[in-house]
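Student: Going line by line, the protein sequences match chains A and B.
Residues 3 to 211, numbered by the numbering used here, are exactly what the first sequence covers, in order.
Residues 3 to 211, numbered by the numbering used here, are exactly what the second sequence covers, in order.
2 protein chains.
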Amino acid sequence: MGSNPDGKTAKRGPYAKSRLRRESIVTAAHQVFAAHGYRGGSLQDVADKVGMSQTSLLHYFPSKSELLLAVLVLRDSVAAGEIARASDGIPAGLEESFVDAVIRQARFNETVPGVIELYTVLCAESLTEDHPGKAYFTDRYQRLRESYARRFRALAEEGRLREGVDPARAAATLIAVWDGIQTQWLMAPENIDMAGCLRDYLDLVVLPG
Amino acid sequence: MGSNPDGKTAKRGPYAKSRLRRESIVTAAHQVFAAHGYRGGSLQDVADKVGMSQTSLLHYFPSKSELLLAVLVLRDSVAAGEIARASDGIPAGLEESFVDAVIRQARFNETVPGVIELYTVLCAESLTEDHPGKAYFTDRYQRLRESYARRFRALAEEGRLREGVDPARAAATLIAVWDGIQTQWLMAPENIDMAGCLRDYLDLVVLPG
DNA sequence: GTCTATATGTAGATAGAC
DNA sequence: GTCTATCTACATATAGAC
Numbered sequence: 003m004g005s006n007p008d009g010k011t012a013k014r015g016p017y018a019k020s021r022l023r024r025e026s027i028v029t030a031a032h033q034v035f036a037a038h039g040y041r042g043g044s045l046q047d048v049a050d051k052v053g054m055s056q057t058s059l060l061h062y063f064p065s066k067s068e069l070l071l072a073v074l075v076l077r078d079s080v081a082a083g084e085i086a087r088a089s090d091g092i093p094a095g096l097e098e099s100f101v102d103a104v105i106r107q108a109r110f111n112e113t114v115p116g117v118i119e120l121y122t123v124l125c126a127e128s129l130t131e132d133h134p135g136k137a138y139f140t141d142r143y144q145r146l147r148e149s150y151a152r153r154f155r156a157l158a159e160e161g162r163l164r165e166g167v168d169p170a171r172a173a174a175t176l177i178a179v180w181d182g183i184q185t186q187w188l189m190a191p192e193n194i195d196m197a198g199c200l201r202d203y204l205d206l207v208v209l210p211g
Numbered sequence: 003m004g005s006n007p008d009g010k011t012a013k014r015g016p017y018a019k020s021r022l023r024r025e026s027i028v029t030a031a032h033q034v035f036a037a038h039g040y041r042g043g044s045l046q047d048v049a050d051k052v053g054m055s056q057t058s059l060l061h062y063f064p065s066k067s068e069l070l071l072a073v074l075v076l077r078d079s080v081a082a083g084e085i086a087r088a089s090d091g092i093p094a095g096l097e098e099s100f101v102d103a104v105i106r107q108a109r110f111n112e113t114v115p116g117v118i119e120l121y122t123v124l125c126a127e128s129l130t131e132d133h134p135g136k137a138y139f140t141d142r143y144q145r146l147r148e149s150y151a152r153r154f155r156a157l158a159e160e161g162r163l164r165e166g167v168d169p170a171r172a173a174a175t176l177i178a179v180w181d182g183i184q185t186q187w188l189m190a191p192e193n194i195d196m197a198g199c200l201r202d203y204l205d206l207v208v209l210p211g
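1. Going straight from the alpha carbon of Asn6 of chain B to that of Val75 of chain B, what length do you get?
2. May I ask you to verify whether the stretch 27-36 of chain B touches the stretch 65-81 of chain B, counting CB pairs closer than 8 Å and requiring at least 3?
3. Give the DSSP bridge partners of Val208 of chain A, in chain order.
4. What does a CB cutoff of less than 8 Å around His32 of chain B pick up in its chain, not counting 5 residues either side in sequence?
5. Leaving out five residues before and five after Tyr138 of chain B in sequence, what residues of the same chain have Cβ atoms less than 6 Å from its Cβ?
6. For Gly39 of chain B, is the classification buried or exposed, using 16 other Cβ atoms within 10 angstroms of its Cβ as the cut-off for buried?
7. Going along the chain, which residues of its own chain have a beta-carbon closer than 7 Å to the beta-carbon of Met196 of chain A, five neighbours each way excluded?
8. Does the beta carbon of Gln186 of chain B sit closer than 8 Å to a beta carbon anywhere in chain A?
9. Quick one: what does DSSP say Arg147 of chain A is sitting in, helix, strand or coil?
10. Compute the Euclidean distance between the alpha carbons of Lys51 of chain A and Glu98 of chain A, then round it to the nearest angstrom.
11. Residues of chain A with CB closer than 7 Å to the CB of Glu131 of chain B, please, in chain order.
12. Let me see if you follow: with CB-CB separation under 8 Å, is Asn6 of chain A close to chain B or not?
13. Below 7 Å on C-beta distance, what does Glu165 of chain B contact in chain A?
14. Consider the Cβ of Val123 of chain A: report whether some Cβ of chain B lies at a distance smaller than 8 Å.
15. Should the stretch 149-168 of chain A be called in touch with the stretch 78-93 of chain A, which here means at least 3 C-beta pairs below 8 Å?
16. Within 8 Å of any Cβ in chain B, is that where the Cβ of Gln107 of chain A sits?
17. Taking Cβ positions only, does Asp202 of chain A come closer than 8 Å to chain B?
18. So if I threshold CB-CB distances at 9 Å, which residues from the stretch 137-155 of chain B count as touching chain A?
19. Any heavy atom of the ligand ZN within a distance shorter than 7 Å of the CB on Gly39 of chain B?
20. For the alpha helix (DSSP H) containing Thr1 of chain A, list its first residue and its last residue.
21. Measuring CB atoms only, is the stretch 161-176 of chain B touching the stretch 196-210 of chain B, in the sense that at least three cross pairs come out at less than 8 Å?
22. Given a threshold of 16 other Cβ atoms within 10 Å of its Cβ, counted over all protein chains shown, does Arg145 of chain A qualify as buried or as exposed?
23. What first and last residue would you give for the alpha helix (DSSP H) that runs through Val75 of chain B?
24. Let me check understanding here. Comparing Cα to Cα, which of B:Ser20, B:Thr130 and B:Arg41 lies closest to Thr130 of chain A?
25. Could you give the first and the last residue of the continuous alpha helix (DSSP H) run that contains Glu98 of chain B?
26. Using a beta-carbon distance cut-off of less than 7 Å, what residues from the stretch 42-68 of chain A approach chain B?
27. Looking at chain A, is there any beta carbon in it that lies within less than 8 Å of the beta carbon of Leu22 of chain B?
28. What residue range is occupied by the uninterrupted alpha helix (DSSP H) comprising Asp181 of chain B?
29. Please name the residue, chosen from A:Gly83, A:Ala49 and A:Val179, that lies closest to Trp200 of chain B on a Cα-to-Cα basis.
30. Which residues, in order along the stretch 81-103 of chain B, keep a beta-carbon less than 8 Å from a beta-carbon of chain A?
31. What residue ranges within the stretch 106-150 of chain B form continuous alpha helix (DSSP H) runs of no fewer than 4 residues, ordered along the chain?
32. What is the rounded straight-line gap between the Cα of Ala86 of chain B and the Cα of Gly43 of chain A?
33. Any Cβ of chain A within less than 8 Å of the Cβ of Lys10 of chain B?
34. In the structure shown, what three-state DSSP assignment does Ile194 of chain B receive?
35. For Gly42 of chain B, which three-state DSSP category applies?
36. For Thr57 of chain A, count neighbouring Cβ atoms within 10 angstroms of its own Cβ and tell me buried if that reaches 16, exposed if not.
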């Protein structure tokens, strides 16, 4: 998806260039918004990083808010790509456990420069009035809570959820631990063990299979 | 502290007026920063809320960043005031348990308009480059983690910490749950039970006395 | 202490030449 | 597609009259 190992169908000329240009702009915007937030980061900053003028940048994205949405879509595709890569080649019936998948994703995020910064900073910023990322984040959290709640309910049916734990509340709490520990990790990376804290929580809630 | 029930020493004239003026400015700034963040909120917004000109406002606070620090100090004093009020009149030896204190503080915050917004929005914003609130938040988290870790160690000595739980990591995780659940509550207040999630976590970690 | 006027800087977005 | 020039809006902060 995206790359064309088959030479015959590879895009050529202005179209391919334009797509690459857009990608480099979104990548630069990712860095700028991660470091300064949406309001604090300027189109000029992004343009400087790409090496073009601010007006040329607006030729590719009609407005700053459109650029933000493109950055958020990129973030999703990075995470989804990793999940696809990891589940690749694993035979059916031997899928990774929910707990392991969470820990692995947390560790993976830690290695990608800027993803955690971007997510943490923009998520909270989106809570402010008239923020163009608000819908993205509220929708995402809604879906994520439902997804995790389903996982916990499935574990409960296997008798692997600790007595008294409510799947829906555990879902919200897991997301909370994850988000909250990322914030602390950004402030003091050497003092915070993100994957460790996530595993601690999941070990309390999920009984060994 | 601050108020003077004794009439003789009450401040009069310009001084008292000035102090009240400062307080109303900080209160207005609290609202503005909670709704728009530090970067998104303008001194003009604050001045409009107070009913004065933007330049007059700068007569009381030399800069926007100084105003932010004053807002953060106010936030602390509100929380500390509540703690003092709650422990008032409780006989020694019958102090509130750590778990109960956390739950009560969480419930209290929920009732104060804007405190959770302000905290969540500014905390994440402070992670961006050159943010005047950065030192406040990093210091605060450092102290908070140490304080909670001490509490958990004390519980461990009473044999009331669950087997295998590390006090330091539990401290970071408790803060994470608290912060993270606040974010979700701001997005969907009707779907999130903040105090419930905190109690769920603490019940997993702290054994009944 | 409060204001008007203003300095100064920067933002996002548009028009139009090349 | 890319640029320069510009528009418009708004920001923080300063100077100085009253």
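Each residue gets a CB set at the ideal place from its N, CA and C atoms; glycine is no exception.
Owing to the predicted nature of the structure, the values given are computational and were not obtained by experimental measurement.
Tutor: The structure says:
1. Residue placement at Asn6 of chain B is poorly supported in this model, since its pLDDT is 49, which falls under 50; the coordinates still yield a value, given next. Whole-angstrom Cα-Cα distance: 21 Å.
2. yes
3. A:Leu163
4. Val73, Leu76, Arg77, Gly116 and Leu120
5. Leu74
6. buried
7. Ala108, Glu112, Ile183, Gln184 and Trp187
8. yes
9. helix
10. 39 Å
11. Ala37 and His38
12. Confidence in Asn6 of chain A is poor, its pLDDT being 49 and thus under 50, which makes the residue's placement unreliable; the coordinate value appears in the next sentence. Chain B contact via Cβ: absent.
13. The premise fails here: Glu165 of chain B is roughly 11 Å from chain A at the closest Cβ pair, so nothing lies under 7 Å.
14. yes
15. no
16. no
17. yes
18. Phe139, Thr140, Tyr143, Gln144 and Arg147
19. Ligands are entirely absent from the displayed structure, and the ligand ZN is therefore not among its contents.
20. The question about residue 1 of chain A has no answer, for chain A in this structure spans 3 to 211.
21. yes
22. exposed
23. Lys66 to Ser89
24. B:Arg41
25. Note, Glu98 of chain B: premise wrong, no alpha helix (DSSP H); not H, not E.
26. Gly42
27. no
28. Pro169 to Met189
29. Note that residue 200 of chain B corresponds to Leu in the displayed sequence, not to Trp. For Leu200 of chain B, the nearest C-alpha among the options comes from A:Val179.
30. none
31. 117-127
32. 41 Å
33. Any reading at Lys10 of chain B must be qualified, since the residue scores a pLDDT of 46, below 50, and its modelled position is unreliable; no value is offered.
34. coil
35. helix
36. exposed
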